[in-house]
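Reviewing the structure listed below.
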Ligand code: ADP
């Protein structure tokens with residue numbers, strides 16, 4: 032059953048990515064005759080201008096065609112994969128960021144483990160008493176701390192965390208593709224999304240970008256109606 036659902040989803044993706052026959056025909060007409068008006072395209076297809084409007088809108092939005100007022104439609108020369116690449120490069124962190132899960136630097140390792148389970152995240156961000164980013168703790172950091180002889184109820188989280196200035200962070204305006212490169216290069220699972228605090232004395236954590244968010248972006252692109 033599961034397999035057939037996956038199979039169905041794949042069918043749907045392929046169906047949506049491909050242009051329909053009429054849209055392909057329009058591209059061919061514009062390629063050969065452009066610049067050409069919507070009226071002229073409609074004539075060649077024996078259709079009304081109104082019937083054609085949604086297809087022309089889709090092709091223009093997707094970047095296959097461009098429209099100039101009083102000139103008409105012309106072919107941009109871009110292939111589906113070129114347009115997809117352009118689109119991927121434009122995605123910003125803000126579009127896919129999740130809620131951050133933060134823990135005070137006064138917490139113990141035990142409390143951090145509880146938070147990680149309760150909030151169901153793989154990376155915790157540690158903040159100081161001013162609410163500014165102070166550290167990052169991963170699953171393995173907590174596992175390592177639990178393997179020692181020391182009692183996890185008495186180890187402060189700020190002893191085991193990766194601390195500032197060694198934290199890699201990003202801003203909402205950054206490009207998601209750059210973050211993907213950073214995660215791969217540094218072999219980490221996620222980054223805090225930050226903004227400068229009002230008095231510029233520290234960084235406030237406003238989001239979380241992980242490999243999961245990037246996977247979601249990947250899936251969303253495949254489901255996109257336009258490309
Ligand atoms: P895990 O350790 O569970 O495999 P990660 O690969 O994310 O998870 O973390 C590896 C190490 O890098 C950990 O010691 C963690 O504290 C550190 N780390 C995780 N995220 C960051 C980050 N954004 N900046 C700096 N160090 C990080």
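Residue numbers (our numbering): 32 to 258.
Yeah, the Cβ is synthetic: ideal placement off N, Cα and C, and Gly gets one too.
Under 5 angstroms, CB to any heavy atom of the ligand ADP. Which residues pass, going along the chain?
Having a Cβ closer than 5 angstroms to some heavy atom of the ligand ADP are 167, 169, 170, 171, 172, 193, 198, 199, 219, 220, 222.
Determine the extent of the beta strand (DSSP E) in which residue 223 is found, giving its start and end residues.
Here the beta strand (DSSP E) through residue 223 covers 221-227.
Would you mind listing the alpha helix (DSSP H) stretches within the segment 132-161 that are 4+ residues and don't spill past its ends, in chain order?
If one requires a minimum length of 4 residues, the alpha helix (DSSP H) runs lying completely within the segment 132-161 are 140-150, in chain order.
Residues bridged to residue 98 (per DSSP)
Partner(s): 104.
How should residue 192 be labelled, buried or exposed, when 16 other C-beta atoms within 10 angstroms of its C-beta is the threshold for buried?
The residue in question, residue 192, is buried, as its Cβ has 16 or more Cβ neighbours within 10 Å.
Taking just the CA atoms, how far does residue 126 sit from residue 175?
Computed Cα separation, rounded: 34 angstroms.
Can you tell me which of the three DSSP states residue 238 falls into?
Three-state result, residue 238: strand.
Can you find the residues in the same chain that come closer than 7 angstroms, C-beta to C-beta, to residue 86, ignoring five residues on each side of it along the sequence?
Taken in chain order, the residues that qualify are 53, 54, 57.
Per-residue burial, residue 102 [other beta carbons within 10 Å of its own, 16 or more giving buried]:
By the 16-neighbour rule on beta-carbons within 10 angstroms, residue 102 is exposed.
Tell me the residue span of the beta strand (DSSP E) that contains residue 61.
That residue, residue 61, is in no beta strand (DSSP E); its alpha helix (DSSP H) goes 52-64.
For the 8 angstroms Cβ check, are there 3 or more pairs between the segment 204-219 and the segment 113-125?
In short, these stretches touch, since the Cβ pair count reaches three.
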